[in-house]
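Read left to right, the sequence shown gives residues 2 to 179 (the numbering used here). So the structure is just underneath, and the comments pick up after that.
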Amino acid sequence: MALNAAERVYDAVGAIARWLCLLAGVVLLVVMGFATCFDVIGRNFGMGIPGIWEAVTLAMRWMIGLALPFAFWQGSHITVELFTDALPARLKQFVIVASAFVTLTVVALLAWQITIRMLNVRGYGGVTSDLGLPTYFDWIPLAVGPLLSVPVLLCLFWRELVRLFYQGRRVSANGSPS
Numbered sequence: 002m003a004l005n006a007a008e009r010v011y012d013a014v015g016a017i018a019r020w021l022c023l024l025a026g027v028v029l030l031v032v033m034g035f036a037t038c039f040d041v042i043g044r045n046f047g048m049g050i051p052g053i054w055e056a057v058t059l060a061m062r063w064m065i066g067l068a069l070p071f072a073f074w075q076g077s078h079i080t081v082e083l084f085t086d087a088l089p090a091r092l093k094q095f096v097i098v099a100s101a102f103v104t105l106t107v108v109a110l111l112a113w114q115i116t117i118r119m120l121n122v123r124g125y126g127g128v129t130s131d132l133g134l135p136t137y138f139d140w141i142p143l144a145v146g147p148l149l150s151v152p153v154l155l156c157l158f159w160r161e162l163v164r165l166f167y168q169g170r171r172v173s174a175n176g177s178p179s
């Protein structure tokens, strides 16, 4: 029963990460592309979009922040397997578990520290030069990406931990023993 609940949580976290990435990749990228095109064309007629660089930069930050959890989910980050490929299966899985834990810890610390910095910047009351947006708006997506990545990394850590202890037995893609 507990494994079924864990499987549902695992699947839900993956689906949320996928949809956030889709939102970021499709909606924001299309909006940024059209806005940039309209600005470039409009400049030829003296009607450029004021603050477009600032808006596109902020949208790009949101796109990266929303796509980060899915990049972890898919394993789209860089790994060096030269060392681990030479290890016995059980030791290799232990190294994978340890690296998943280190990644989870570092990303959680990053989320925490960026959030603190964002709140400090918010306290300064500064605004951007073109659009007059509060400067802490630039920090929000930088905090959101790691914050949203923590549950994803927690699920991945759990999956690899289960695989370590169920070595040699059949384990499904989400880490539950079959």
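Glycine included, every Cβ here is placed at the ideal spot set by N, Cα and C.
Cα-Cα separation, residue i to residue j
i: Phe35; j: Phe95; result: 47 Å
i: Ala13; j: Phe84; result: 33 Å
i: Val163; j: His78; result: 22 Å
i: Ile30; j: Arg91; result: The sequence given here has Leu at residue 30, not Ile. The alpha-carbon atoms of Leu30 and Arg91 are separated by roughly 42 Å.
i: Tyr167; j: Val98; result: 13 Å
i: Ala56; j: Pro89; result: 50 Å
i: Asp139; j: Gly47; result: 28 Å
i: Val145; j: Ile53; result: 23 Å
i: Ser130; j: Ala18; result: 33 Å
i: Ala101; j: Gly49; result: 47 Å
i: Met119; j: Val107; result: 18 Å
i: Gly124; j: Ala6; result: 41 Å
i: Ile117; j: Leu110; result: 11 Å
8 Å contact criterion, which residue i and residue j should meet: CB distance rounded
i: Val151; j: Thr136; result: In fact, because the Cβ distance is near 25 Å, the residues do not count as touching under 8 Å.
i: Pro142; j: Gly43; result: Not a contact, Cβ separation roughly 26 Å.
i: Ala68; j: Gly26; result: 6 Å
i: Thr104; j: Leu154; result: 6 Å
i: Ala112; j: Pro147; result: 4 Å
i: Ala60; j: Val32; result: 6 Å
i: Leu21; j: Leu149; result: 7 Å
For residue i, three-class secondary structure by DSSP
i: Val81; result: coil
i: Val41; result: helix
i: Pro147; result: helix
i: Pro70; result: helix
i: Pro142; result: helix
i: Pro51; result: coil
i: Pro135; result: strand
i: Met2; result: Residue placement at Met2 cannot be trusted, given a pLDDT of 47 that sits under 50; the coordinates are not used to answer.
Extent of the continuous alpha helix (DSSP H) to which residue i belongs
i: Ser100; result: Ala90 to Tyr125
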